[in-house]
């Protein structure tokens, strides 16, 4: 796993300097601490920070084709590369490494952008065709690996992380007001943009081509769902069997690496299932890693221990204390590069540190299963509300909501009021966004803290309209669950979970995550499974549970779903974080950043400090405000001082200088 | 200060963080997203502590609690010892 960065100067300008490329690569050195590589000619500069996982000896990037006219830098893994390589060898391609990177380059030579259809993996890549003077950028189907770009004057600048783009001094750094509106509604920016003005994100499943001053972007894949008549007519038993087979193969190819592969183990169904498949089929001694919390409401220790005992796993855990969560938030925001509304990414950052300290570079995770198999409460909630909407006056139907949220409904006094809460918008069941409106409306309330300036800059922007316009053809013909799954996957999984709880917090400690549930073969098959089998009655992930029968203990398969969350006010309003929270939320800091209304924020602060019960909304607002303040300070005001000496972090660097026709190995920052 | 003003002040301070401009007496808290599922608890605690009343479980219905006017009417009746709307079937 690695970091990539580069500049394409359409007119071959002198600003394309080796020094800038080094700084762009060095600032995300944690993505690839093992070595670095730089390519430069009169038009293009490419930088690569490498975490060596496959072909430890000869896989140094950039990698070139036979006649050195095409060059690739690549962040990712393509798991089916041995099979693809075999075919390319038969077609006469010769290889000088054993890496997956070189396979992609030759496949691109062979097929152009259509090569992406053949890749099963997670990646962001750049290929420079020096003959055609064409730059090709691409991102994996679901967005496991990040890729940002911006156009500035006659250049296109791209990188795995925004901070690398900002190392080009001329690039303006500003918070985008519309992106703020999006995050404070959807928890994330919508596909294609970032929190920073004019810094774009290449959406998942897309590629970009740039040549002779023109840039074009194309979609090559979308999350597969089908109308009923195009779904499979198999029994649940047959479906589960097929899933078992597909998942086993997805795990098998994700164990391909020249270093040991570990696994995250939370004690939930998804990670337990994956780890169990590893232990029972491929590696009985796999290293596993888990998170523990101080408070029972967050901790899954009981089930984690159950799995450790069941698998006789070689397990390590971290205690994510409230103190440590509060203290690490700022560092996590530096890595996530966007405001967050929850602290849940922080423990995952602490966990990847433990993995690194344990000498492991790669871990399998259970991410993606809830989206693909129908695990989240929002799906069950949608099902109940759709059922209720058919008889809005029913007194029995709303009672089903209580079964979904036992931890909210545990106070029987509140039953009627809560039912009224979930009963809002029942008449909107025809709205394409029906499943998510309660959540988004509820989140959107925290926009009340926006400053008048920010509100004015957002103007009449309507995020819901933008989402509606971006929905794929055929969406209207899908059933309620499929639509909800599409929204959840395309917005929340791709733009938030895979980034802020995935790539960013793992790569911060140079850890690569691999996600078997997001194998494209598995997603394609599940897209054709009727919704009635995915959630049977109100039993979530029915198919997955069935496919794990016999390989997991019954109490793990049948346990109630425990949403992964982390403490908020307990972490931020006590201990070591308190001082910095006060500082970030002071009137001076708030007025400087100009994003929030200091008087309102002060009321929220007082309410929480005075021991007022923080509601869900208060907690979201607190993290949202605090993290936006951190982004504004670290990326706008203090960016230059924060990144002043990054070049010292550059490891051994291989330099292909095509401008001066020399290749050499540079040590540290010496040219 | 009348009941309705006291409650308005509580809502503005705790749920609207000072932003009183849009809050009308008739406005539904739930429909307008003023109070969320956990905020209801805060409201009940406030009413019970501030007015020294005991609110029965079956009185916790939107008809009594979902706007400034509903709460005020509910409280008036409660303080006068009159009968108040209760959950159906109880």
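Chains as they are written, first to last, in this note's numbering: chain A, 877 to 1547; chain B, 51 to 140.
For glycine and all other residues, C-beta sits at the position ideal for the given N, C-alpha and C.
| request: Might you give, ordered along the chain, the residues of its own chain that have their beta carbon closer than 7 Å to the beta carbon of residue 59 of chain B, omitting 5 neighbours on each side? | output: Same-chain partners within the cutoff: there are none.
| Segment contact flag, the segment 978-988 of chain A with the segment 1358-1367 of chain A, C-beta cutoff 8 Å, min 3 pairs | No: the two stretches stay apart, fewer than three of their Cβ pairs being nearer than 8 Å.
| query | Bridge partners of residue 946 of chain A, per DSSP? | reply | A/1005, per the DSSP bridge assignment.
| query | Quick one: which chain A residues come within Cβ less than 8 Å of residue 112 of chain B? | reply | The answer, in chain order, is 1292, 1293 and 1296.
| Inter-residue CB distance, residue 1131 of chain A and residue 1158 of chain A (contact presumed, cutoff 8 Å) | Indeed they touch by this definition, with Cβ atoms about 6 Å apart.
| Just to confirm, are residue 1526 of chain A and residue 1039 of chain A a CB contact at a threshold of 7 Å? | The answer is no: Cβ separation not under 7 Å.
| field | chain A contact for residue 67 of chain B (CB, 7 Å cutoff) | value | Yes, residue 67 of chain B counts as interfacial toward chain A.
| query | So what does DSSP say about residue 1015 of chain A, is it helix, strand or coil? | reply | Secondary structure of residue 1015 of chain A (DSSP, three-state): strand.
| CB contact below 7 Å: residue 1493 of chain A versus chain B | By this cut-off, residue 1493 of chain A is an interface position.
| query | Do you know whose CA, among A/1034, A/1407 and A/1091, lies nearest residue 883 of chain A's CA? | reply | Here the closest residue by C-alpha is A/1034.
| message | If you measure between the beta carbons of residue 1177 of chain A and residue 1447 of chain A, is that distance less than 7 Å? | response | In this structure, residue 1177 of chain A sits away from residue 1447 of chain A, with a CB-CB distance that is not shorter than 7 Å.
| query | Ends of the beta strand (DSSP E) at residue 878 of chain A? | reply | Residues 878-885.
| task | Can you give me the start and stop residues for the alpha helix (DSSP H) that residue 1340 of chain A sits inside? | result | Segment 1339-1346, the alpha helix (DSSP H) holding residue 1340 of chain A.
| query | Residues in the segment 1312-1339 of chain A with C-beta within 9 Å of chain B's C-beta atoms, listed in sequence order? | reply | Within the segment 1312-1339 of chain A, the residues whose Cβ lies closer than 9 Å to some Cβ of chain B are 1317, 1318, 1320, 1321, 1324 and 1325, listed in chain order.
| message | Which of the three DSSP states is assigned to residue 1544 of chain A in this structure? | response | Because residue 1544 of chain A sits at a pLDDT of 43, beneath the cut-off of 50, its placement in the model cannot be relied upon, and the point is left open.
| First and last residue of the uninterrupted alpha helix (DSSP H) at residue 1203 of chain A | Here the alpha helix (DSSP H) through residue 1203 of chain A covers 1198-1212.
| Contact between the segment 986-1001 of chain A and the segment 1334-1345 of chain A: three or more CB pairs below 8 Å? | Three or more Cβ pairs closer than 8 Å define a contact, and the segment 986-1001 of chain A falls short of that threshold against the segment 1334-1345 of chain A.
| field | Contacting residues, own chain, Cβ-Cβ under 8 Å from residue 1113 of chain A (five flanking each side not counted) | value | Taking C-beta separations shorter than 8 Å and ignoring five residues to either side along the sequence, the partners of residue 1113 of chain A in its chain run 1422, following chain order.
| said: What residue range does the alpha helix (DSSP H) around residue 1179 of chain A cover? | reply: Residue range 1177-1187 is occupied by the alpha helix (DSSP H) that includes residue 1179 of chain A.
| query | CB-CB under 6 Å to residue 1533 of chain A, same chain, minus the five flanking residues each way: which ones, in chain order? | reply | For residue 1533 of chain A, same chain residues with a beta-carbon under 6 Å away, outside a window of 5 residues either side, are 916 in chain order.
| said: Tell me which residues share the same chain as residue 75 of chain B and place their Cβ nearer than 6 Å to its Cβ, disregarding the 5 neighbours each side in the sequence. | reply: Taken in chain order, the residues that qualify are 118 and 119.
| task | Assign residue 1106 of chain A to one of two classes, buried (16 or more other C-beta atoms within 10 Å of its C-beta) or exposed (fewer than that). | result | Residue 1106 of chain A is classed as exposed because its beta carbon has fewer than 16 other beta carbons within 10 Å across all chains shown.
| Rounded to the nearest angstrom, how far is the Cβ of residue 1483 of chain A from that of residue 1494 of chain A, given a contact under 8 Å? | Confirmed, Cβ separation roughly 7 Å.
| request: Would you tell me roughly how many angstroms separate the C-alpha atoms of residue 1392 of chain A and residue 1427 of chain A, rounded to the nearest one? | output: C-alpha separation (whole angstroms): 17 Å.
| task | Output the distance between the C-alpha atoms of residue 64 of chain B and residue 57 of chain B, rounded to the nearest integer angstrom. | result | Answer to the nearest angstrom: the Cα atoms are 10 Å apart.
| Cβ distance (whole Å) where residue 1394 of chain A is taken to contact residue 1041 of chain A below 8 Å | A Cβ-Cβ separation of about 27 Å leaves residue 1394 of chain A out of contact with residue 1041 of chain A under the 8 Å criterion.
| request: For the segment 1012-1028 of chain A and the segment 1076-1085 of chain A, state whether three or more C-beta atom pairs, one from each stretch, are separated by less than 8 Å. | output: Contact check between the segment 1012-1028 of chain A and the segment 1076-1085 of chain A: three or more CB pairs, one atom from each, fall below 8 Å, which counts as touching.
| Interface flag, residue 978 of chain A vs chain B, CB-CB below 7 Å | For residue 978 of chain A, the answer is no, since every Cβ of chain B falls outside 7 Å of its Cβ.
| said: Checking the sheet assignment: what are the DSSP bridge partners for residue 1478 of chain A? | reply: Bridge partners of residue 1478 of chain A: none, in fact.
| field | Partners in chain A for residue 107 of chain B, counting only beta-carbon separations shorter than 8 Å | value | The contacting residues are 1288 and 1289.
| request: Give the residues of chain A in contact with residue 83 of chain B, contact being defined as C-beta atoms less than 8 Å apart. | output: Within chain A, the residues near residue 83 of chain B are 1317, 1318, 1320 and 1321.
| Does DSSP put residue 896 of chain A in a helix, in a strand, or in coil? | Residue 896 of chain A falls in the helix class under three-state DSSP.
| message | Looking at chain A, is there any beta carbon in it that lies within less than 7 Å of the beta carbon of residue 80 of chain B? | response | For residue 80 of chain B, the answer is yes, since a Cβ of chain A falls inside 7 Å of its Cβ.
| field | Range covered by the beta strand (DSSP E) that runs through residue 1094 of chain A | value | First-last of the beta strand (DSSP E) with residue 1094 of chain A: 1090-1095.
| task | Reducing DSSP to helix, strand and coil, say where residue 1412 of chain A ends up. | result | Strand.
| message | On the DSSP letters alone, give me the boundaries of the beta strand (DSSP E) that residue 1168 of chain A sits inside. | response | Note, residue 1168 of chain A: beta strand (DSSP E), 1163-1169.
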